[in-house]
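J.: In full-length UniProt numbering, the protein residues as written are 1 to 206. Glycine included, each C-beta is placed from N, C-alpha and C at the ideal position. The model shown is predicted, which means the values in this text are computed figures rather than measured ones.
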Amino acid sequence: MTCGILLVTHPGVGIALLDVATRLLRQLPLKTEAFEVPFDADLDALLPPASAALRRVDGGEGVLILTDLYGASPANLAGQLARLGTPVRRVSALSLPMLLRVMNYPEQGLDQLPATAAAGTQLTVSNRLGLHARATAKLVQTLAPFRCNVTMAAKGREINAKSIMGVMLLAAGQGTPVTIRINGEDEVAAMDAVVDLFERRFDEDN
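Take a look at the structure:
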């Protein structure tokens, strides 16, 4: 028995990533489907077909749901799917590297795959002032409650993302790509919190 993979994304995202992954690997080792959520979707109406897709990919050990944007409609639909009875884990910020990482470890169980998926997620600093003192403090404060190690890499340097001084040393301005790596007991929840903070632009530029 194996885990299944369900990509729940905005239109065009999941299908495209699944197509590229299939071309690269020729044959996916885990049963995988993409379920797309229209921008004007009625989530209650989408729940039955999404539930059917969930059941189709379940190989007997549950399903890892990968969503493209934390807090958006696909992630909200994934939350509803998680309450239907099938064992489910969820990870946001879906990317091609994330999908390929998951496919490289088909032997992992549902409790291990989320950490594999979340490791090494790349984000872009999009707020106008970049990781200045206030944004850095907010990042460190966000990470503080989580029991895990967090590193951030940019411009050839990797630092402890729980250290204000370390993050400031990156001098990551607007548009800088950074790679977040998290390892520890709370790694999945911590990654979701970091992705959400970056997507909110550190609550600036509003």
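Report the three-state DSSP secondary structure of Ala189 (helix, strand or coil).
T.: Looking at Ala189 - three-state DSSP - the assignment turns out to be helix.
J.: For Arg181, which residues does DSSP report across the bridge?
T.: DSSP lists Thr151 as partners of Arg181.
J.: Does the beta carbon of Arg90 sit closer than 8 Å to a beta carbon anywhere in chain D?
T.: Among the protein chains of the structure shown there is no chain D, as only one such chain exists.
J.: According to the Cβ coordinates, are Ala34 and Thr9 closer than 8 Å?
T.: Cβ atoms of Ala34 and Thr9: closer than 8 Å.
J.: Using the DSSP secondary-structure output, state which residues sit across from Ala34 in a beta bridge.
T.: Answer by DSSP bridge pairing, in chain order: Leu7.
J.: Leaving out five residues on either side along the sequence, give the residues of the same chain with a beta carbon under 8 Å from the beta carbon of Gly79.
T.: Cβ neighbours of Gly79 beyond the five flanking positions: Arg90.
J.: Considering only DSSP beta bridges, list what residue 231 is partnered with.
T.: Residue 231 is absent from the model: the chain starts at 1 and stops at 206.
J.: Using the Cβ count rule (16 or more neighbours within 10 Å means buried), how would you classify Asp58?
T.: Buried is the call here.
J.: Between the alpha carbons of Thr22 and Val63, how many angstroms are there, rounded?
T.: Cα to Cα, Thr22 sits roughly 19 Å from Val63.
J.: Return the residue from the list Asp186, Pro177, Pro11, Pro106 that minimises the CA-CA distance to Leu69.
T.: Nearest C-alpha to Leu69: Pro11.
J.: Would you mind working out which of Phe39, Ile159, Ile180 sits nearest Ala119, comparing C-alpha positions?
T.: Answer by Cα proximity: Ile180.
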